[in-house]
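Residue numbering for the sequence shown follows this note's numbering, beginning at 254 and increasing consecutively.
First comes the structure, then the notes that go with it.
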Amino acid sequence: MAGIKETPRQKMIGMMYLVLTALLALNVSNTVLEKFLFMNRTMEQAVDDGEEKNNNTVGRIEAQVEESGKRAKDIAVLKTAQEVRTETTKVLSELDEIKKMLIRETGDYKEDGVTPKGIKNTEKIAILMIKQKGGDKLRDLLNGYTSYLTTKTGKEYEDLALDGKDHPVFKNDKNARKRDFKNLQFDQTPMVAGLATISQFQTEIISKETEALEALAREVGAEDLKFDKIDLVALPNSRVVAACCFFVCCGKSRHDLQW
254 MAGIKETPRQ KMIGMMYLVL TALLALNVSN TVLEKFLFMN RTMEQAVDDG
304 EEKNNNTVGR IEAQVEESGK RAKDIAVLKT AQEVRTETTK VLSELDEIKK
354 MLIRETGDYK EDGVTPKGIK NTEKIAILMI KQKGGDKLRD LLNGYTSYLT
404 TKTGKEYEDL ALDGKDHPVF KNDKNARKRD FKNLQFDQTP MVAGLATISQ
454 FQTEIISKET EALEALAREV GAEDLKFDKI DLVALPNSRV VAACCFFVCC
504 GKSRHDLQW
């Protein structure tokens, strides 16, 4: 997520996710799995909040275009922002479908309708995401999105789905750096950790979209010189300036005057 200005909440979520992932690698008990369930719900709420914020940004861009007189350049910026929002919504929806599939294939929900039954299941996740190449499809979806942002905005966006050797967290780990994306993320991974992993990618998508939309918002009316505040300043009297004016008006030089 280099280059993205994260909120304190996003930084906290990212840090907690990394800590839980490290604990999971140590085969810590069910407590960690329950924490992953909580973390997943927290990240899903962060995604919902991010979508609301980004919808508002598109609305703000539209208002700016109206205020600036609907110029062709500004309308083009608005169209790009709307297309980015549409594409982001589509990708987030596809990621939601993957999470629903993981829950469904591991036993669906408990009687409360909220808690998945198969949060410990590692075998089914490995089959779905590694053997049946669901992880490859996920990688293409994530990196396809960043490529789309690069094309639409003209700014380079780094891939989200990385192999171990390219991942900033795992590249120095002699075992993890040998793994490709799908094995790095889903090998020997409980279902609930798989859910949290995908939700974490959703938060990163929202962060990248936020950055793109804010940059587009700054382009509307960028050629205008706008004043947010005008201050009236009282200049002190100057006898020199007044004298100079007198000289010019009277057509006399300084040497012609009698003091």
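C-beta atoms are modelled at their ideal positions from N, C-alpha and C, and glycine is treated no differently.
Just so we're clear, the structure is a prediction, and the values are computed from it rather than from any experiment.
For residue 454 versus residue 395, is the C-beta distance shorter than 7 Å?
Within the sequence shown, residue 454 is the residue found at index 201, counting from 1. Within the sequence shown, residue 395 is the residue found at index 142, counting from 1. Closer than 7 Å, so yes.
Is it right to say residue 292 is buried, meaning 16 or more other beta carbons lie within 10 angstroms of its own, or is it exposed?
As a working note, residue 292 is residue 39 in the sequence shown. Label assigned to residue 292: buried.
Under the three-state reduction of DSSP, which class applies to residue 398: helix, strand or coil?
Translated into positions along the sequence shown, residue 398 becomes position 145. Correct three-state label for residue 398: helix.
Given a cut-off of 7 Å, decide if residue 296 and residue 452 are closer than it, judged by their beta-carbon atoms.
The sequence position of residue 452 within the sequence shown is 199, counting from 1. The sequence position of residue 296 within the sequence shown is 43, counting from 1. The answer is yes: Cβ separation under 7 Å.
Is residue 314 closer than 7 Å to residue 468 when the C-beta atoms are compared?
Indexing the sequence shown from 1 puts residue 468 at position 215. Indexing the sequence shown from 1 puts residue 314 at position 61. Cβ distance not < 7 Å, so residue 468 and residue 314 don't count as in contact.
Skipping 5 residues on each side, what residues in its chain have a beta carbon closer than 6 Å to that of residue 387?
Here residue 387 is taken as the residue at index 134 of the sequence shown, counted from 1. The answer, listed in chain order, is 381.
Hey, could you find the ends of the alpha helix (DSSP H) residue 352 is sitting in?
In the sequence shown, the residue the question calls residue 352 occupies position 99. Counting along the chain, the alpha helix (DSSP H) containing residue 352 begins and ends at 325 to 358.
For residue 362, which residues does DSSP report across the bridge?
Locating residue 362 in the sequence shown gives position 109, counting from the first residue. According to DSSP, which records beta bridges pairwise, residue 362 is partnered with 369.
Pairing CB atoms from the stretch 299 to 313 with CB atoms from the stretch 329 to 347, are three or more of them under 8 Å?
Contact holds: three or more Cβ-Cβ distances are below 8 Å.
Check whether the stretch 400 to 417 and the stretch 442 to 450 touch, using three or more Cβ-Cβ pairs below 8 Å as the test.
Touching, no, given that fewer than three Cβ pairs across the two stretches are closer than 8 Å.
Leaving out the 5 sequence neighbours to the left and right, which residues in its chain are closer than 8 Å to residue 466 when beta-carbon positions are compared?
For the purposes of this step, residue 466 is identified with residue 213 of the sequence shown, where counting begins at 1. Answer for residue 466: 307, 310, 311, 314, 334, 337, 338, listed in chain order.
In the DSSP assignment, find the unbroken alpha helix (DSSP H) run with residue 437 in it and report its ends.
Taking the sequence shown and counting its residues from 1, one reaches residue 437 at position 184. That run of the alpha helix (DSSP H) goes 434 to 439.
With DSSP as the reference, label residue 515 as helix, strand or coil.
In the structure as shown, the chain begins at 254 and stops at 512. Residue 515 is therefore absent and cannot be evaluated.
Can you tell me the Cα-Cα spacing of residue 320 and residue 305, whole angstroms?
In the sequence shown, counting from the first residue as 1, residue 320 sits at position 67. In the sequence shown, counting from the first residue as 1, residue 305 sits at position 52. Those two C-alpha atoms are separated by around 23 Å.
For residue 374, does the count of other Cβ atoms within 10 angstroms reach 16, so buried, or fall short, so exposed?
Along the sequence shown, one-based indexing puts residue 374 at 121. Counting Cβ neighbours within 10 Å, residue 374 comes out buried, since at least 16 surround it.
Have a look at 409, 355, 303, 346 and flag the residue whose alpha-carbon is nearest the alpha-carbon of residue 383.
Sequence index remark: in the sequence shown, residue 383 carries index 130 (1-based). Nearest option by C-alpha distance: 355.
Roughly how many angstroms separate the alpha carbons of residue 389 and residue 433, rounded to a whole number?
As a first step, residue 389 must be located in the sequence shown, where it is residue number 136. As a first step, residue 433 must be located in the sequence shown, where it is residue number 180. Those two C-alpha atoms are separated by around 10 Å.
What's the gap between the Cα of residue 254 and the Cα of residue 420?
On the sequence shown, residue 254 is found 1 positions in, with the first residue counted as 1. On the sequence shown, residue 420 is found 167 positions in, with the first residue counted as 1. At residue 254 the pLDDT is 39, less than 50, meaning the model places this residue with poor confidence and gives no usable figure here.
Rounded to whole angstroms, what's the CA-CA distance from residue 437 to residue 367? Just pull it up for me.
Here residue 437 refers to the residue found at position 184 of the sequence shown. Here residue 367 refers to the residue found at position 114 of the sequence shown. Computed Cα separation, rounded: 28 Å.
What are the boundary residues of the alpha helix (DSSP H) that includes residue 385?
Working through the sequence shown from its first residue, we reach residue 385 at position 132. No alpha helix (DSSP H) contains residue 385, which DSSP labels as neither H nor E.
Indicate the three-state DSSP secondary structure (helix, strand or coil) for residue 408 in the structure shown.
Along the sequence shown, read from residue 1 onward, the residue named residue 408 stands at position 155. In this structure, residue 408 counts as coil in the three-state DSSP scheme.
Can you give the beta carbon distance from residue 341 to residue 458, rounded, assuming they're within the 8 Å contact cut?
For the purposes of this step, residue 341 is taken as residue 88 along the sequence shown, with counting starting at 1. For the purposes of this step, residue 458 is taken as residue 205 along the sequence shown, with counting starting at 1. Confirmed, about 6 Å.
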